[in-house]
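*Asks:* Sharing a structure here in C-alpha cells format.
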C-alpha cells in the first residue's frame, strides 16, 4: 500500500530565525621473489590461470559468451573475463514482461496530439461524461493511451528519459494504468500533461473540465467500465489492447497498486520439479515540498484522493490538536469523504502494539492496497 505523508509542526512560541587503481590483465607486474610468496598473489595468479583455461574452452563453443568481472584480493584488483554459461535447452525461462522500447520524442509527440484532440472535445457543449467518452473514441487519444500502457514506466531508462521534467514523468507513470483508473483521475492527469506540454492557458481549460467532471457522481467509474458503453468498434480496440497486456504486462490490466510492480527471473525444468527464482518489488514514490497544503485551493491532496472518492488518514494527536479543524475543512470544501484516525505520537507509544491498532483500524475501514493512506505527523 502506498502512503501519502505530510509532516507538520505544532506552533512554537519562539521568534523566527531568519579513486582506486586497477591492475588490468596484460599490465606489467613485478617479478615474484624466489621465496615467501604472498598467498594473495598466488590467489590472483591461480584465478587468472583458471579464467584463461575457461576462456580457452569457451572459445570453442560457437554460442559462447563472456563477461568481465572485477576480482578483489589482498594483492590488488584484477579485471578477469570469464564465460557466461548458456542456459540449458531443457530449462524454461518465464518472461513476465514484453514491453515496447522507450522513445521520449515520440511519446511527447503522441501526448501532444492527444491533448490537441481532447481539447476539441472538452470545449464542446454537453455533459462532462459525454465529453470524456467522445475523447476516448478519438484515434489520437486512443493511440496515446494504448502506447503508454505498453511502456516500462518503472524502469530506470524511462525515468532517465524524462528526468528534466519530473511532473511530466509523474503523470506518465500513472497514465500507463489508464484502463483501471477512474474518469476523474484521467482528467486530472491530462490536465497535468497540458500544464507541462502546452502551458498554463491550455491547462486552465483542462482544469475547468476536470472540475466539471468531478461534480458528477460517475466520476469514480473506471475507464474499463466506461469503454463498455462506447461504440462497439472502439470498445473492441480497447479490449484488444487489454488482451495483449494480459500476456505482455498483466499488471497493467490487473494492478494491485499503480505504485508498485513485481518482477522476477524464474527458471524451471521441463517437469517444473525444480524452480529457481529471483524476485523483486519496485515501488514508485513522489516527494513534494509544499506550503499551504491545507488551503482548499491547493490541489496536491485533491489530485490523489478525489478520484478515490475518499481519504483515510492517520493523524498524530498533537497535530490534530492544532491543525485538526483545517484538515477537516480541506476535505469538506473539496467534497471528499474523510475518515480521520487519531493516534498518540509520543515516543512511549511507538511500539508494535500501536502498529497493530493502526492496522486494525485500517481493516475496519476497508482500506484497499491500491489506496494511498494519508499520514500526518509532526
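In the working numbering, the protein residues as written are 211 to 588.
Here a beta-carbon is modelled for each residue, glycine too, at the ideal position from N, C-alpha and C.
#1: Could you tell me the alpha carbon to alpha carbon distance between residue 370 and residue 531, rounded to whole angstroms?
#2: Indicate whether at least one CB of chain D lies closer than 8 Å to the CB of residue 424.
#3: Tell me, please, whether the segment 352-359 touches the segment 476-484 by the rule of three or more beta-carbon pairs shorter than 8 Å.
#4: Measure the Cβ-Cβ separation of residue 420 and residue 401 and say whether it is below 8 Å.
#5: Cβ-heavy atom distance between residue 310 and the ligand ATP below 7 Å?
#6: Taking residue 418 as the reference, which of 428, 430, 427 and 405 has the closest Cα?
#7: In or out: residue 261 buried (at least 16 other Cβ within 10 Å) or exposed?
#8: Could you check which residue in 414, 373, 409 and 441 has the C-alpha nearest to that of residue 314?
#9: Taking residue 573 as the reference, give the member of 557, 560 and 549 with the closest Cα.
#10: For residue 368, which residues in the same chain have their Cβ closer than 7 Å to its Cβ, ignoring the five residues on either side in sequence?
#11: With 16 as the cutoff for other CB atoms within 10 Å, does residue 403 come out buried or exposed?
#12: Buried or exposed for residue 578, going by 16 or more other Cβ atoms inside 10 Å?
#13: Just checking my contact of residue 485 with residue 521 at CB under 8 Å: how many whole Å lie between their CB atoms?
#14: I need the straight-line Cα distance from residue 570 to residue 539, nearest angstrom please.
#15: Just the C-alpha distance for residue 496 and residue 300, rounded to the nearest angstrom, thanks.
#16: Which residue from 303, 567 and 346 puts its Cα closest to that of residue 441?
#17: In whole angstroms, give me the CA-to-CA distance for residue 453 and residue 434.
#18: Can you look up residue 395 in the DSSP assignment and give me helix, strand or coil?
#19: Are there 16 or more other CB atoms within 10 angstroms of the CB of residue 581, so buried, or fewer, so exposed?
#20: According to DSSP, residue 523 sits in a beta bridge with which residue or residues?
#21: Quick check on this structure: which residue in 387, 321 and 533 has the alpha carbon closest to the alpha carbon of residue 502?
#22: Entirely within the segment 424-512 and at least 3 residues each: give me those beta strand (DSSP E) ranges in chain order.
#23: Distance check for residue 516 and residue 395, CA to CA, integer angstroms please.
#24: Secondary structure at residue 303, three-state DSSP: helix, strand or coil?
#25: Just to check my reading of the structure: residue 341 and residue 332 have Cβ atoms closer than 8 Å, yes? What is that Cβ distance to the nearest angstrom?
#26: By Cβ distance below 6 Å, which residues in the same chain neighbour residue 563 in space, the five residues on each side in sequence not counted?
#27: What are the boundary residues of the alpha helix (DSSP H) that residue 574 is part of?
#28: Specify the secondary structure class of residue 325 as computed by DSSP and reduced to three states.
#29: Figure out for me which residue from 473, 343 and 498 has the closest Cα to the Cα of residue 489.
#30: Run the CB neighbour count on residue 425, radius 10 Å, all protein chains shown included, and call it buried at 16 or more, exposed below.
#31: Identify the continuous alpha helix (DSSP H) that holds residue 354 and give its terminal residues.
#32: Taking residue 357 and residue 389 to be in contact with their CB atoms under 8 Å, please state how far apart those CB atoms are, rounded to whole angstroms.
#33: So, helix, strand or coil for residue 407, using DSSP?
#34: With a threshold of 16 other CB atoms inside 10 Å of the CB of residue 558, please say whether the residue is buried or exposed.
#35: Identify, in the order they occur along the chain, each residue of the same chain with its Cβ nearer than 6 Å to the Cβ of residue 458, setting aside the five sequence neighbours on each side.
*Replies:* Result, derived from the coordinates:
#1: 43 Å
#2: You won't find chain D in this structure, because it holds only one protein chain.
#3: no
#4: yes
#5: As far as ligands go, the structure on display features none, and thus does not contain the ligand ATP.
#6: Nearest option by C-alpha distance: 405.
#7: Confidence at residue 261 is low in this model, with a pLDDT of 44, below 50, so the placement of that residue is unreliable and no value is reported for it.
#8: 373
#9: 549
#10: 312, 361 and 362
#11: buried
#12: exposed
#13: Not a contact, Cβ separation roughly 42 Å.
#14: Take the alpha-carbon of residue 570 and the one of residue 539: they are about 26 Å apart.
#15: 43 Å
#16: 346
#17: Going by the C-alpha atoms only, they are around 13 Å apart.
#18: helix
#19: buried
#20: 550 and 584
#21: 533
#22: 470-478 and 485-493
#23: 8 Å
#24: strand
#25: Confirmed, Cβ separation roughly 5 Å.
#26: Counting only Cβ-Cβ distances below 6 Å, and skipping sequence neighbours, we find nothing.
#27: 562-574
#28: helix
#29: 473
#30: exposed
#31: 349-359
#32: Not confirmed; about 13 Å, so no contact.
#33: helix
#34: exposed
#35: The residues are 308.
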